[in-house]
Amino acid sequence: MRIAAELKSPLNRLFVFETEDGYRVESVFYKGERLCISSQVGCPVRCAFCASGKKGLFRNLSAEEMFNQYKLLKEKLPIKGIAVAGIGEPSTNVSEVEEALELFKKEGLKVTISTSGYPIKGFKRLIRLNHDGLTLSVHAVKPETRKKLFGVFEPLDDILNALKEHLSESSSSRRKKFQLGYLLIKGVNDDRENLELLGRIAREMRLTVMLMAYNEIPGVGFKGVSEQEYEDAFLFLRKMGVRVTLSNRFRRDPLGGCGTLTIGREV
Ligand code: SF4
């Protein structure tokens, strides 16, 4: 694997890597401390709002290829943690993610993971790994909204039941390592019904919601909410008694923000 290009915005640094067999994947260094790496070339989940899965899945990245994204950058960047939240769905590549996690741990790095929960079998294994934080990307609660957003998905009840089972057998410090992610997309999942259902789930499971603002991606066709609408959704959940955190500005950057990473970027 080699670094094919580096792109910079005022906030983020995005690295394009070329694999031995000529594929391109990406990592983003954000917040001046964390590297968000890719776990696959493409993504089988093919979320309608995300650039990473547009062409589907080409292949899994090996643990070594995940680790190499860090190894090739560690001398030039003050990397303190890893997020397995770039291109790919970790629940479909659990064994390699597990091995990569061990490699990162040996370097003294904390590792967080984001997953859509598909497929359930992989999700059940993923949540039990030795991670330092896992975000379940819910993004919609009503089945008809989930259909609009995810190319493939599991029934949300099945995903939540798997998570509940794990949480019920976990210590309170372990329970704190889980949260729900919700990407607000204008006119699609920002309705009160979805948000209320989300709030009820978060309350019942005592999980924090990370409410993310959508980055509009050219050619993808979805719109982000306005600042006011974002704040309204935040306050709505807060009034329900839900703990909510908001996207930081690094995640809202058109370069390297959530959903913007892509395979085969022309450089
Ligand atoms: S949001 Fe995540 S799961 Fe969905 S297509 Fe993008 S990388 Fe895959």
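In terms of the numbering used here, the sequence shown opens at residue 91 and continues consecutively. The beta-carbon is built from N, C-alpha and C at its ideal position, and this holds for glycine as well.
Taking 4 residues as the shortest admissible run, the segment 187-216 contains the following complete alpha helix (DSSP H) segments, listed from N- to C-terminal end: 210-216. Within the same chain, Cβ atoms closer than 7 Å to the Cβ of G146 are found at G132, P134 and R136, the five residues on either side in sequence being excluded.
Between the segment 296-310 and the segment 258-277, the count of Cβ pairs shorter than 8 Å is three or higher; the stretches touch. Counted as a single uninterrupted DSSP element, the beta strand (DSSP E) harbouring Y120 occupies residues R114 to Y120.
For A94, the CB contacts under 7 Å within the same chain, skipping 5 residues up- and downstream, are V106, F107, E108, R114 and V357 in chain order. Between the beta-carbon of L285 and that of L336 there is about 14 Å, and that puts the pair past the 8 Å contact cut.
Going by DSSP, E108 is part of the beta strand (DSSP E) stretching over R103 to E108. K98 carries a strand assignment under DSSP once its states are collapsed to helix, strand and coil.
Between ligand 1 and R341, a heavy atom-to-CB distance of less than 7 Å is absent.
Sixteen is the threshold: when 16 or more other Cβ atoms of the shown chains lie within 10 Å of the Cβ of D343, as they do, the residue is buried. Its chain contains I172, L191, F194, H221 and D222 as the residues whose beta carbon lies nearer than 6 Å to that of V201, once the 5 sequence neighbours on both sides are disregarded; these appear in chain order. By the beta-carbon neighbour count (other beta carbons within 10 angstroms, threshold 16), D280 is buried. For A173, the enclosing beta strand (DSSP E) has its first and last residue at G171 to V174. Taking the CA atoms as reference points, T352 sits about 31 Å from L287.
When only Cα atoms are considered, K238 and A138 end up about 7 Å apart. Closer than 7 Å to some heavy atom of ligand 1: that describes the Cβ of C140. When secondary structure is reduced to three states using DSSP, I307 falls in the coil class, being assigned neither helix nor strand. According to the DSSP secondary-structure assignment, M302 is paired through a beta bridge with L273. When the Cα atoms are used, G277 and R293 turn out to be separated by approximately 24 Å. E179 is positioned such that its CB atom lies closer than 8 Å to that of S206. Annotated as distal: S262 and G212, with beta-carbon spacing of 8 Å or more. Using a Cβ distance threshold of 8 Å, I169 and L219 do not count as a contacting pair.
In the DSSP annotation of this structure, the continuous segment of the alpha helix (DSSP H) that includes G289 starts and ends at R282 to M295. The shortest C-alpha to C-alpha distance from R265 to any of F312, P209 and E255 is the one to E255.
Following the DSSP letters along the chain, one finds T235 inside the alpha helix (DSSP H) bounded by residues P233 to L239.
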